[in-house]
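Chains as they are written, first to last, in our numbering: chain A, 1 to 375; chain B, 1001 to 1349.
Yeah, the Cβ is synthetic: ideal placement off N, Cα and C, and Gly gets one too.
Presented below is the structure to which this report refers.
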Amino acid sequence: MSAYLDHAASSPLRIEALDAMMPWLEHHDAHANPTASHRRGRRARQALDDARAIIADSVGCGRGDVVFTGGGTESDNVAVGRGRPPGALVVGATEHPAVLEPAQRQGAKVAPVNDAGIVDADTVEPLLDDTTELVSVMTVNNETGVIQPIREIAEVVRRRTNALVHTDAVQALPWLDLAVHAPADLLSVTGHKLGGPQGVGALVIRNGSDVEPLLVGGGQERDRRAGTQNVAGIVGFAAAVQASADDRAERLARIDALATALLDGVTEAISGVERTVSRDVRVPGIIHLTIDGVQSEPLLFLLDDADLACSAASSCASGAQGASHVLSAMGLDTANCAPLRLSLGWSTTEAEIDEAIQTLTQAVTTLRERAAVHG
Amino acid sequence: MAERVLVAMSGGVDSSVAAALMVEAGHEVVGVTMKLWGGESDSGCCSVSDVDDARWVAAQLDIEHHVFNFGEEFLEHVVQPFVTTHRSGGTPNPCIECNRHIKFDLFLDRARVLGFERIVTGHYARIVTTADGSRRLARGVDHAKDQSYVLHMLDQAALARTILPVGEWTKPDLRDAAHARGLLTAAKPDSQDVCFITKSGGRESFLRDRGGLTPGRIVDAAGREVGTVESTELVTIGQRKGLNVSGMSEPQFVVDVDRTESVVTIGPRRDLRVEESRFVDPVWANLGHTGPALVQASAHGEALPAVVHGDRVVWDQPRDRVAPGQSLVFYEAAPALADQTIIGGAIAT
């Protein structure tokens, strides 16, 4: 038995995405560079435009606003930009490193979060002035699943400044209607958190906002992202987004029920389990817990031993577990407990949830027993 | 008998072969790289490329590989004491503190918690069983590579739960074995020196970045000022080079460092000679020890005959003063190096 509860890290490819991609990979007579003028090239370009329309519909923008990229990190990096004067950027304290690191290199102001992990629009307001160029706050946090009030933040920014609003909506795309929840000028999304292929995403640039490209030389994506497009990947990304939009209501209800069963099961079987954020401020698929009296690394090791895939905080490039800047920004002390993220997605089954409860209970019991023997 | 063992894989050739030998012996093997230092480093045990090397070798051996992050503990137990000891005028050995606090404490305990019977490392030392059934650490077969000195703190519990397969090998044979198995790390150069100190910056820039360096006066035995040093933290007892004192009739050595007054005292070789050395914090392989022993005072120094009494080592022949902070390691007196096993060790004061 095994259980995969790490969809927030990467979700398995949906059948719809695979089916849409296969012809572009399999058939030699379908292959072409989408910039080519011959008929094969024109067909590939048409496939990109169809994909662009799907993404545009899903986030509520014009199809000319969609720039395909190599994923969420690239989209975030381009949105944050380079060489801005100190103080010109305002970012949330719990942003993904793809926003936070380039922002900190440019002397960004950091908007704090409250103990629920939420960036309140009122705390953003005092950080704004005439020199503010861009405000970036993620729609849904990747560790806790908390939904940020982007609409309120955007309103405050627009009332006080001419700055652009960017939101990293990578974790929001599987769960929220971005046309409603994320009225930002710039918006980052990626495919592999909802069943698209890895390495394909988009930056949405609304209202002709001025964004400096990262890759130049070739004119693709209306001069906003040079380089031959990944046709099969983009087609798969769009197919996953379409499938995800089609089954959203049914899927959310199902995942919410599974997540509730998981939470109930775990808190019933294991003492000292705390939910990091409450259900009404998070997306249904991301559950974040802290478990008293165990350490994160040994817990993940034993869970992996039993083939339960999930995450603690963030993983370093080396594969080591690092401390979470998200939890510390929330003022959560994890010195004597293990933070754990269990994230569900389109393929999660009831059997996986049962397996996860059993495995987690067993691992925590073992670790507590062995700690007691030694202590 | 097959056991479940956790191999510490640094990404170097020694621990790569250690892991291979364990797999070949039929054990159930899992590889782990400890992430210890996040700062600047030439290579040592800490960089992402070393973790990659360990991961690739684990894949060659078809074993699972994990990374344990002991960065905070490494900072607390190894790096900060390194700085503190230098500041107080001592000469620390961070590899010993890493073995004491990280590899043979945290890592050993982590292995137990995860249900592993024993840990395996790529150190050049052997574990032998004595006539009374207790275990002792013995020098590695390759005496030039012997690392028993830096592992002297292993007690009976640690010795019982550790396997050191590389101790039976010479380095050239081990490299041949790595090549014969096609291990990706077979030709990787040996790591040098302290893993968190870079060649370009050295101890000097490391200590300067962590609290600054203090200039001081150089005086002779009579207290007369004969020169100055830029940083008293970098001066070691017994040091001869880099003092820049001229007009002396014979070679001069550092015989004392007073960090409170920032004074370095120098003198001729005979001023360095001592009859005995004192120590603190002894650790013993089994029971304590009083009486004759061979005592080694640095990683590559010679073990000299002496008698251990309480907190003192009385040398059979006068020798140069041991720098405070260095470890004194007591070996069972035996004529052959191979038969010298560790009784215990302590920190020189």
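(request) Would you check if the region 1105-1121 of chain B and the region 1245-1262 of chain B touch, i.e. whether three or more CB-CB distances between them fall below 8 angstroms? (result) no
(request) Give the straight-line distance between the Cα atoms of B/T1349 and B/A1323, rounded to the nearest whole angstrom. (result) 7 angstroms
(request) Determine which residues of the region 363-374 of chain A have a Cβ less than 8 angstroms from any Cβ of chain E, and write them out in chain order. (result) No chain E is part of this structure, whose protein chains are labelled A and B.
(request) With 8 angstroms as the threshold, decide whether the Cβ of B/N1069 is near any Cβ in chain A. (result) yes
(message) For A/R275 and A/L289, which I take to be in contact (beta-carbon distance under 8 angstroms), what is that distance rounded to the nearest angstrom?
(response) 6 angstroms
(request) Measure the Cβ-Cβ separation of A/I357 and A/L258 and say whether it is below 8 angstroms. (result) no
(request) For the region 1066-1099 of chain B, enumerate the residues whose C-beta is nearer than 7 angstroms to any C-beta of chain A, in chain order. (result) Here the close residues are H1066, V1067, F1068, N1069.
(message) Our contact map puts A/E133 next to A/A163 with C-beta atoms below 8 angstroms; I'd like the distance itself, whole angstroms only.
(response) 6 angstroms
(request) Return the bridge partner residues of B/W1284 from the DSSP annotation. (result) B/G1344
(message) Does the CB of A/P298 have a neighbour CB from chain B at under 8 angstroms?
(response) Chain B contact via Cβ: present.
(request) Note down, one range per segment and in chain order, each beta strand (DSSP E) of at least 3 residues found wholly within the region 1048-1109 of chain B. (result) For the region 1048-1109 of chain B, the continuous beta strand (DSSP E) assignments of 3+ residues that do not extend past its boundaries occur at 1064-1069, in sequence order.
(message) So, at 6 angstroms on beta carbons, what are the nonlocal neighbours of B/G1044 in its own chain, with the 5 sequence-adjacent residues on each side left out?
(response) Residue placement at B/G1044 is poorly supported in this model, since its pLDDT is 48, which falls under 50; the coordinates are not used for a value here.
(request) Count the other CB atoms, across all protein chains shown, that sit within 10 Å of the CB of A/K193; report buried if there are 16 or more and exposed otherwise. (result) buried
(request) Could you tell me whether the region 175-192 of chain A touches the region 114-130 of chain A, where touching means 3 or more Cβ pairs closer than 8 angstroms? (result) no
(message) If we define contact as Cβ-Cβ less than 8 angstroms, is A/C322 a contact residue for chain B?
(response) Checking the displayed sequence, the identity of residue 322 of chain A turns out to be Gly instead of Cys. Closer than 8 angstroms: yes.
(request) Ignore the nearest five residues each way along the sequence and tell me which others in A/D247's own chain have a CB closer than 7 angstroms to its CB. (result) none
(message) Any C-beta of chain A within less than 9 angstroms: which residues of the region 1106-1129 of chain B qualify?
(response) Answer in chain order: D1109, R1110, R1112, V1113, L1114, G1115.
(message) By the three-class DSSP mapping on this structure, what secondary structure does B/G1167 have?
(response) In the three-state scheme derived from DSSP, where H, G and I count as helix and E and B as strand, B/G1167 is classed as helix.
(message) For B/E1164, count the other beta carbons within 10 Å of its own beta carbon; 16 or more makes it buried, fewer makes it exposed. Which is it?
(response) The sequence as given places Leu at residue 1164 of chain B; Glu does not occur at that position. B/L1164 comes out buried.
(request) Drop a sphere of 10 angstroms on the beta-carbon of B/K1103, count the other beta-carbons inside from all chains shown, and report buried for 16 or more, exposed for fewer. (result) Under this definition B/K1103 is a buried residue.
(request) Leaving out five residues on either side along the sequence, give the residues of the same chain with a beta carbon under 7 angstroms from the beta carbon of B/A1020. (result) L1061, R1181, L1183
(request) Put A/M22 into one of helix, strand or coil per three-state DSSP. (result) helix
(message) Assuming contact is defined by CB atoms lying nearer than 8 angstroms, are A/V140 and A/V146 in contact in what I supplied?
(response) yes
(message) Under DSSP, the alpha helix (DSSP H) around A/D264 begins and ends at which residues?
(response) 248-269
(message) In the DSSP assignment, the beta strand (DSSP E) including A/R341 goes from what residue to what residue?
(response) Annotation: the continuous beta strand (DSSP E) that includes A/R341 extends over 337-343.
(request) Determine the chain B residues that contact A/L302 at a beta-carbon separation under 7 angstroms, and present them in chain order. (result) The contact set of A/L302 on chain B, defined by CB atoms closer than 7 angstroms, consists of L1114 in chain order.
(request) Compare the Cα-Cα distances from B/N1069 to each of B/G1211, B/V1048, B/W1056 and report the closest residue. (result) B/V1048
(message) So, under 8 angstroms CB-CB, A/V80 and A/L89 are touching, yes? Tell me the CB distance rounded to an integer number of Å.
(response) 7 angstroms
(request) Give the range of the alpha helix (DSSP H) segment to which A/P102 is assigned. (result) 97-105
(request) Grab me the residues of A/D292's own chain with a C-beta within less than 6 angstroms of its C-beta, minus the 5 sequence neighbours each way, in chain order. (result) G272, C337
(message) Considering only the alpha carbon of each residue, which of B/G1325, B/D1014, B/L1337 lies closest to B/P1094?
(response) B/G1325
(request) Starting from the Cα of B/L1300, find the closest Cα among B/I1218, B/Q1147, B/T1033, B/H1027 and give me that residue. (result) A quick correction: the sequence has His, not Leu, at residue 1300 of chain B. Closest option to B/H1300, Cα to Cα, is B/Q1147.
(message) Among the candidates B/D1155, B/A1125, B/Y1149, whose CA atom is the shortest distance from the CA of B/K1350?
(response) A question about residue 1350 of chain B goes unanswered here, because the residues of chain B that appear run from 1001 up to 1349.
(request) Please name the residue, chosen from A/N114, A/E95, A/D304, that lies closest to A/H166 on a Cα-to-Cα basis. (result) A/E95
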